[in-house]
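Here's the structure, in structure tokens; my notes come after.
Numbering (full-length UniProt numbering), first residue to last: 1 to 210.
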């Protein structure tokens with residue numbers, strides 16, 4: 001199982017994508033990161049994460065619904081079935097799902113790459129309310145950009161946010177994402193972005209030299 005301790009491997013100076021809802025509060029410097037006594041781990045989603053992931057979604061349902069469409073009751077009623085479906089997609093290599101796991105095994109967030117094809121994917125995440133504002137989202141997305149380039153062989157990431165989400169738009173701009181068009185997001189006007197991962201790719205021979 002992929003495990004990335006919070007803070008390990010983060011590349012200074014980069015401010016990658018953060019998504020709807022937590023962008024403004026989560027964009028912190030290293031000072032904010034010290035609030036975590038135990039640094040969460042990024043783990044590739046597996047069967048054993050199901051109970052903690054369900055608890056995460058239930059506990060934060062109202063919080064998430066403020067800024068993104070609610071998943072609906074059916075999502076929770078059929079959670080186990082949906083979890084197995086996600087793992088099947090991951091096994092097929094069309095998506096990569098990750099959870100941010102705390103000291104007690106609790107899920108503090110999830111960061112995903114979906115619709116993987118032709119060297120690209122769409123990036124998204126959600127962070128627990130109690131973990132927001134402490135730099136976790138910034139770190140997690142930075143790590144995922146690194147993984148996308150150096151573990152999954154991707155060269156470009158897509159992202160989107162609504163026009164009224166000024167915080168996410170600002171973070172995308174600071175992260176090197178360029179606006180490439182307009183789109184509707186759950187019936188709301190939004191923008192589409194692209195970001196090359198060339199600056200996350202290790203030079204040839206760099207890993208062998210380490």
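A virtual CB, placed ideally from N, CA and C, is assigned to each residue, including glycine.
Based on DSSP bridge pairs, tell me the residues matched to residue 188.
DSSP lists 185 as partners of residue 188.
Simplified DSSP state of residue 113, which is helix, strand or coil:
Strand, per DSSP.
Could you spell out the range, first to last residue, of the beta strand (DSSP E) harbouring residue 152?
Here residue 152 belongs to no beta strand (DSSP E), and DSSP marks it neither H nor E.
What residues are listed by DSSP as bridge partners for residue 127?
DSSP, once it has assigned bridges, lists 109 as partnering residue 127.
Return the CA-CA distance between residue 143 and residue 92, expressed in angstroms with no decimal places.
If you take the alpha carbons of residue 143 and residue 92, they lie about 22 Å apart.
Does the segment 138-158 come close enough to the segment 186-200 that 3 or more CB-CB pairs lie under 8 Å?
Under the three-pair Cβ rule at 8 Å, the segment 186-200 counts as touching the segment 138-158.
Would you kindly report the start and end of the unbroken beta strand (DSSP E) that includes residue 76?
Counted as a single uninterrupted DSSP element, the stretch harbouring residue 76 is not any beta strand (DSSP E) but the alpha helix (DSSP H) occupying residues 73-77.
Would you call the CB atoms of residue 152 and residue 140 closer than 8 Å?
Contact flag unset, no.
For the alpha helix (DSSP H) that residue 57 lies in, which residues bound it at each end?
Secondary structure note for residue 57: its alpha helix (DSSP H) is the uninterrupted segment 50-59.
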